[in-house]
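Oh and the sequence shown: position 99 is 99 in the UniProt record's numbering, straight run, nothing missing.
From the three backbone atoms N, C-alpha and C, an ideal C-beta is built for every residue, glycine too.
None of the values given here were measured: they were computed from a predicted structure.
To start, the structure under review is shown below, and the notes come after it.
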Amino acid sequence: MDGLDSAQLRTLAAVVAEGSFDAAARLLHVTPSAVSQRIKALEEIVGQVLVRRSRPCVATDAGRPLLRLAGQLALLEREALADARGPLAGGGLTRVAVVVNADSLATWFPAALARLPQRAGLSFDLRQDDQDHTAELLRDGSVTAAVTAQREAVQGCRVLGLGAMRYRALATPEFAASHFGEGLTASALAGAPLIVFDRKDRVQHRFIRVVTGRPLDPPVHYVPSVPAFSAAIRLGLGWGLVPEQIAAADLGGGRCVDLAPGRHLDVPLYWQHWRLESDVLNALTAAVRAVATETLR
């Protein structure tokens, strides 16, 4: 069997990252026909379909290991070239894709990137997904690292505990008086409108189960934006769980009340990244770990 060609691997990565053959061609400065030929040649070598020609294009199960390999080779190649050329030489950009849950992205995670030493030629591609699902992008090779709720290491990755993000149940004083005058009873929780980030978000329902001991199905408003989520609570549309870093201002200003003083929900977070000896990954991991230690529970 022929060996794997680095240009073909880069093309595979571009097709999946950009979502189409035409977009990958523009990124790589080649024709769409050249992209198609490279992917076809790679599929002939492997003997499997590697890209599902959908909108957007996605890697198949057979394509995922090669997608991960393409990213790893790109990272190591960039570091090797930088070392060989020396600090004064220019070079192309290396994009490091990281998937982070929305609440971490809105609170502590950007500070970790800001703490990194200045490194020429490095750019970050931050992606957002629920903490219970971020590991999927790591598993399929789309990203280099992830903030995730998954404790078990994805194959080929290292995992490091970061701490827990603490959530508090917030509502306006008026909403609390109207819906929870007798406390967080099961009947009150079943009827009070609930703010939920998106359909992957189960934090609120997890809290309800902790409080009542059983699952409930309250009316839901889906608000897939961290600022808008908090605004919806402040406007009295419903109640919801808010990271304590964000909740502090609303509680301190009297705009919201804690529906369950002394009770909270802690969501453990983990940092998973490819198992590579990489200066970039080592520096990023050190920065993430330092900021998480200062910020998370």
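Task: Span separating the alpha-carbon of T172 from that of A228 - done: Position 172 of the sequence shown, counted from the first residue, corresponds to residue 172. Position 228 of the sequence shown, counted from the first residue, corresponds to residue 228. For T172 and A228, the distance between alpha carbons rounds to 15 angstroms.
Open item on the list: Beta-carbon within less than 6 angstroms of E244's beta-carbon, same chain only, minus the 5 sequence neighbours each way: which residues are those?
Closed with: Numbered from its first residue, the sequence shown carries residue 244 at position 244. Correct list, in chain order: R166 and R168.
Open item on the list: Per the DSSP calculation, H273 is bridged to which residue(s)?
Closed with: Translated into positions along the sequence shown, residue 273 becomes position 273. H273 pairs with A145 and R158.
Open item on the list: Helix, strand or coil for F124? Go by DSSP, reduced to three states.
Closed with: As a working mapping, residue 124 is identified with position 124 in the sequence shown. Residue state, collapsed to three classes: strand.
TODO: Evaluate the contact criterion for the segment 149–165 versus the segment 183–190: three or more CB pairs, one atom per stretch, below 8 angstroms.
DONE: no
Task: Inter-residue CB distance, A59 and V16 (contact presumed, cutoff 8 angstroms) - done: Sequence index remark: in the sequence shown, residue 59 carries index 59 (1-based). Sequence index remark: in the sequence shown, residue 16 carries index 16 (1-based). 5 angstroms between Cβ atoms; contact.
- [ ] Return the chain-ordered ranges of every alpha helix (DSSP H) run that is complete within the segment 162–193 and spans a minimum of 4 residues.
- [x] 173–179 and 186–191
Open item on the list: Whole angstroms are fine: how far does the CA of G3 sit from the CA of F124?
Closed with: Working through the sequence shown from its first residue, we reach residue 124 at position 124. Working through the sequence shown from its first residue, we reach residue 3 at position 3. Their backbone Cα atoms lie some 30 angstroms apart in a straight line.
Task: For D266, three-class secondary structure by DSSP - done: Translated into the one-based positions of the sequence shown, residue 266 becomes position 266. In this structure, D266 counts as strand in the three-state DSSP scheme.
Task: A48 versus A62 - alpha carbon distance - done: Position 48 of the sequence shown, counting from 1, holds the residue named residue 48. Position 62 of the sequence shown, counting from 1, holds the residue named residue 62. Note on residue identity: the sequence assigns Gln, not Ala, to residue 48. Near 7 angstroms, if we compare the C-alpha coordinates of A62 and Q48.
- [ ] Can you give me the Cβ contacts of A106 inside the same chain, cut-off strictly under 6 angstroms, excluding the 5 residues immediately before and after it?
- [x] If you number the sequence shown from 1, residue 106 lands on position 106. So the qualifying residues of the chain are V226.
- [ ] Please name the residue, chosen from G181, R206 and L276, that lies closest to R214 on a Cα-to-Cα basis.
- [x] Along the sequence shown, one-based indexing puts residue 214 at 214. Minimum Cα distance to R214 is reached at R206.
- [ ] In angstroms with no decimal places, state the Cα-to-Cα distance between R26 and Q8.
- [x] Residue mapping note: residue 26 aligns to position 26 of the sequence shown, counting from 1. Residue mapping note: residue 8 aligns to position 8 of the sequence shown, counting from 1. If I take the Cα positions, the gap works out to 15 angstroms.
- [ ] Have a look at D132, E18, A292 and Q150 and flag the residue whose alpha-carbon is nearest the alpha-carbon of R53.
- [x] On the sequence shown, position 53 is the one that residue 53 refers to. Here the closest residue by C-alpha is E18.
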